[in-house]
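Residue numbers (the numbering used here), protein chains in the order written: chain D, 1055 to 1270; chain F, 49 to 326; chain P, 5 to 303.
Backbone N, C-alpha and C fix where the C-beta goes; we use that ideal spot for every residue, glycine too.
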Amino acid sequence: MRNSLNIFLILILTNILHSQNITKEELLTNSIKKLRTIPNYTCDVELHVDVDFIKIGERKGKLIFIKPDSIKYEIEGFALLPKEDPLSKIKNLSIKDYAIIELDPETINNELCRNLKIIPNYENNDIILGQLWIDKKSNIRKLSIFTKEQGKFEFLIEYMNYKYPVPKMITVNFDIKDMKIPPGMTGELNKFYKKEKNQKTTLGRIYINYSNYVFK
Amino acid sequence: MLKLIKLELFKIFTRPRTYIGFGAVVFIVIAFQISMYFQGKAIVSFILDNLETTFQMSGNIINANLATYILLNGLLIHIPILICLVTGDIISGESSSGTIRLWLQKPFSRSKVYFSKVISGIIYTLLLLMILGLFSYVLGYFLFGFGDLVVVKQGITIFDQDDLLWRFFYAFLVGTISMLVVTSLSIMISAFATNSIVPIVGTIAIIIVLNVLTVLGYNVFEPILPYVFTTHFNRWQLLFDYNLDYHEIATTIVVQSFYIILFLTIGLIHFKNKDILS
Amino acid sequence: MTTILKVENLQKSFGNFQVLNQLSFEVYKGDIYGFLGPNGAGKSTTLRIILGLVKSDNGKITFLGNTISFYDKYYLKDIGALIERPDFYGNLSAYDNLWMIAELSNLINPSNRINEVLDLVNLLPRKKSKVKTFSQGMKQRLGIAQAILHKPKFVILDEPSNGLDPQGQADIRNIIRTINQHDNITILFSSHILSEVEEICNRMLIINNGRKIKEGKVDELMSEDRMQVSIRVDNMQKLIDLLSSLGYIFFVDTNQIFTEIKENEIPQLVQNIVANNINIFEVNQNRSLENYFLKLTKN
């Protein structure tokens, strides 16, 4: 009994020491490789948009993923979908194009994660700045990206219990400017008198739930 | 009374002027939807420009529901004009042509004659609005199909297609009540006038002036604006709030009903007692 | 004699201008009742008050024994009227216009009756024509047609011959006589054409400034008054001597002598002329009603 316990403790410590011993570059590379193993699949999705000035009901539909990067949504009715797939962005990352800085680990959704910041070496990169929180299984739990065109996005990812790192739920947080519509277009004529407000920036969220994966 | 109404409708629908209103509505719908067919994406892109930087949008946003929703905004000025063309003339036109005598020298009370004209005016108004709504919906379906409705109003609200039929129905009802205020106002002025021009131009002028006051004089007239009937012309939009404000909707119905009753009563009192000298 | 319409002390003002002042008259069943007065005398106003188009300030009107009220129009089922110019829906045909009137009057099987009245007023061939294509005379006839369409007991015609040529006027008179005699319709007939009133009316009323001047049978009223008579004889001097001796006022014009005399005195004068061995070539009466009317309304 005591011998079993000793072996177990040794294994745990070895694991921790091992993961601590992987360099930040290796960690990121492992994560990327893992993402690249995902085969084609279809799954059910549920989208819920939570933005202050947008009211839209939950949307349900299907997602079709075809390697390497094709994502297609089939959703009935009008839907607001995230502009980018976060994992595709990382999947296509070329590590040599980025300087990686490791910060103190953080706990994300009860998982201790290593905290990496990536800074592009070249100006022409789409990603201006990125930050990844990667767990010990090399899954990216949280991703924060500043892009040239879309601004800042933050993704919180929970994974299915599959051999492939496919998401169970992704929460997308982003900044969005408030609407500024000419009152004449909305028929609210009595709004003409009001001074135009400065367009304020508000926080928005999209929740995406994934289920019923079918891998091909 | 039914007979009087039947004859009034016969008169209305044998006049070429009546078909100006219907023709204009059909033309407006066709012209608008054709322009939406060619320009719709650009307009929608302009309005939703903010979102396009953040989201990718899927689904058919330009559809019959959007077209009908936008066309309902014609209830502000265009439709009242078309209503007045017929209802403004309904008493004064007969006074100026002298045919009012044919009716008033028959064994019917003036109240019955008056209300037969009111009811036929209401029927004409309802038909005009039905044509606006149904034609817009049907043509929109053939051009764009159906889909969810994007309403831009203090933010963006997207209504599921399944959630729209009852909203449009009640929106039309609320819009109809507002247009019946126009009908009543024009009939009231028609009861006083002895020619067709005064009630038609008078009604339109009143609506335009009140609309201008609403927009330009908001700071000065704000306390009374909730009680001005033109303020409620676009309150059908309340049916396209995510959470309905029942109090506001009820207020609109009450205010507009008050004006309908007021205008028709004034018109009736005058019509019942006036000397027919033409 | 049964009274069909009785007007008592009718008063009406428009602003400060008094149009009717204690007007009273009576129409009997079967009358063709003439209603005379100069422009602005109050004729149209009186007729409009009877029809409930204008509200009187005071007075009482009784129709078929029942007092009528401005707000109760039921009595109008027995009245037909043509007030001032005949107005119709120009974009509709004559038939359609009458169809609407027939519907208002609850006529059973209106088609037959419409054709009947159109035939009576000689408009049957034009029944499908739009009224806006009609001449004034045709519209007047159509106006009479709509007035009698529902076979009323009493018909009011306000200047039905207005704007018509002599043939048109004659047609109107014939129609009036026909409906009075064949359909037993009492007619209140307002006109400026005095010869018409004299020709077809049995009773009449003359009003001026909203007041009754004279009312009664046409022939009785005519016989009350002196009329102008012209006489042509073989011996003018002898006639002059005779008229002077009898106290007549006269004047000579070319080969005729004109004198004023009451209608019922004419036979006696003729006898006197013949008795004095004067040969009579011609005796003519001038337009007596016109003179009578002008005299009364001028006073």
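Go to residue i, then tell me how far its alpha helix (DSSP H) extends in each direction, as first and last residue.
i, result
"D245 of chain P", "240 to 250"
"K1143 of chain D", "1140 to 1145"
"I91 of chain F", "64 to 95"
"Q173 of chain P", "170 to 186"
"T205 of chain F", "No alpha helix (DSSP H) contains T205 of chain F, which is instead part of the beta strand (DSSP E) from 204 to 207."
"M178 of chain F", "158 to 192"
"T262 of chain F", "245 to 264"
"I328 of chain F", "No statement about residue 328 of chain F is possible, as the shown extent of chain F runs from 49 to 326 and does not include it."
"N113 of chain F", "112 to 119"
"V134 of chain F", "126 to 135"
What first and last residue would you give for the beta strand (DSSP E) that runs through residue i?
i, result
"T1256 of chain D", "1255 to 1269"
"L111 of chain P", "Per DSSP, L111 of chain P belongs to no beta strand (DSSP E) and is neither H nor E."
"P271 of chain P", "Premise fails: P271 of chain P lies in the alpha helix (DSSP H), 270 to 279, not in any beta strand (DSSP E)."
"Q104 of chain F", "103 to 106"
"C1097 of chain D", "1095 to 1105"
"V159 of chain P", "158 to 162"
"D1232 of chain D", "Segment: none, D1232 of chain D is in no beta strand (DSSP E) and carries neither H nor E."
"Y37 of chain P", "36 to 40"
"A8 of chain F", "Nothing can be reported for residue 8 of chain F, as the shown portion of chain F is limited to 49 through 326."
"R1113 of chain D", "1113 to 1120"
"C1167 of chain D", "1165 to 1174"
Starting from the Cα of residue i, find the closest Cα among the options and give me that residue.
i, options, result
"M227 of chain F", "F:T147, F:S140, F:T279", "F:T279"
"V1268 of chain D", "D:E1100, D:I1108, D:I1118, D:N1084", "D:I1118"
"D123 of chain P", "P:N110, P:N62, P:L102, P:K134", "P:L102"
"K160 of chain F", "F:G169, F:S305, F:M236, F:L50", "F:L50"
"E202 of chain P", "P:N239, P:E224, P:D238, P:I235", "P:E224"
"Q289 of chain P", "P:I253, P:D245, P:L243, P:I235", "P:I235"
"H154 of chain P", "P:I118, P:S165, P:I180, P:L146", "P:I118"
"H196 of chain P", "P:D187, P:I189, P:D91, P:I211", "P:I211"
"E1100 of chain D", "D:I1110, D:D1180, D:T1091, D:P1093", "D:I1110"
"N95 of chain P", "P:K132, P:T66, P:L80", "P:K132"
"D1139 of chain D", "D:I1154, D:N1215, D:T1201", "D:T1201"
"L68 of chain P", "P:E88, P:D82, P:L111, P:I191", "P:D82"
Can you tell me the Cα-Cα spacing of residue i and residue j, whole angstroms?
i, j, result
"I1144 of chain D", "E1203 of chain D", "17 Å"
"S1265 of chain D", "Q104 of chain F", "21 Å"
"T263 of chain P", "L250 of chain P", "12 Å"
"G41 of chain P", "I176 of chain P", "20 Å"
"N1169 of chain D", "I1211 of chain D", "15 Å"
"E304 of chain P", "N113 of chain P", "The requested residue 304 of chain P does not occur in the structure, where chain P is confined to residues 5 to 303."
"M142 of chain P", "I309 of chain F", "43 Å"
"L335 of chain F", "Y67 of chain F", "It is not possible to answer for residue 335 of chain F, since the shown part of chain F is limited to 49 through 326."
"R149 of chain F", "N282 of chain F", "39 Å"
"K10 of chain P", "G214 of chain P", "16 Å"
"N321 of chain F", "V23 of chain P", "18 Å"
"K1078 of chain D", "Q1185 of chain D", "12 Å"
"I8 of chain P", "L325 of chain F", "25 Å"
"F1209 of chain D", "L1183 of chain D", "14 Å"
"V278 of chain P", "I284 of chain P", "7 Å"
"L292 of chain F", "C1097 of chain D", "35 Å"
"I53 of chain P", "A253 of chain F", "36 Å"
"D91 of chain P", "T147 of chain F", "5 Å"
Using the Cβ count rule (16 or more neighbours within 10 Å means buried), how would you classify residue i?
i, result
"V260 of chain F", "exposed"
"Q173 of chain P", "buried"
"K64 of chain P", "exposed"
"F156 of chain F", "buried"
"T300 of chain F", "buried"
"T62 of chain F", "exposed"
"L213 of chain F", "exposed"
"V257 of chain F", "exposed"
"Y37 of chain P", "buried"
"T6 of chain P", "exposed"
"L209 of chain P", "buried"
"P1136 of chain D", "buried"
Query raised in the report: If you measure beta-carbon to beta-carbon, which residues of the region 41 to 75 of chain P are closer than 8 Å to chain F?
Result: Along the region 41 to 75 of chain P, the positions whose C-beta sits under 8 Å from a C-beta of chain F are R52, L55, G56, L57, V58, K59, Y75, read in chain order.
Requested in this report: Return the residues of the region 79 to 90 of chain P that lie within a Cβ-Cβ distance of less than 9 Å from chain A, sorted by chain order.
Outcome: Judged by its chain identifiers, the structure shown contains no chain A, and its protein chains are D, F and P.
Query raised in the report: What residues in the region 198 to 232 of chain F bring their beta carbon closer than 7 Å to a beta carbon of chain D?
Result: Per Cβ criterion, the list reads V198, V200, K201, G203, I204, T205, I206, D208, Q209.
**Report entry** Residues of the region 1133 to 1152 of chain D whose Cβ lies closer than 8 Å to any Cβ of chain F, in chain order
**Finding:** The residues in question are A1133, L1134, L1135, P1136, K1137.
Query raised in the report: Mind listing which residues of the region 51 to 65 of chain F have their C-beta closer than 9 Å to chain P's C-betas, in chain order?
Result: When CB distances to chain P are screened at a threshold of 9 Å, the residues of the region 51 to 65 of chain F falling below it are K51, L52, K54, L55, F58, K59, T62, R63, P64, in chain order.
Query - Contact list for the region 79 to 108 of chain F against chain D, Cβ threshold 8 Å - result: If the cut-off is 8 Å between Cβ atoms, the region 79 to 108 of chain F has I95, N98, L99, T101, T102, F103, Q104, M105, S106, G107, N108 near chain D.
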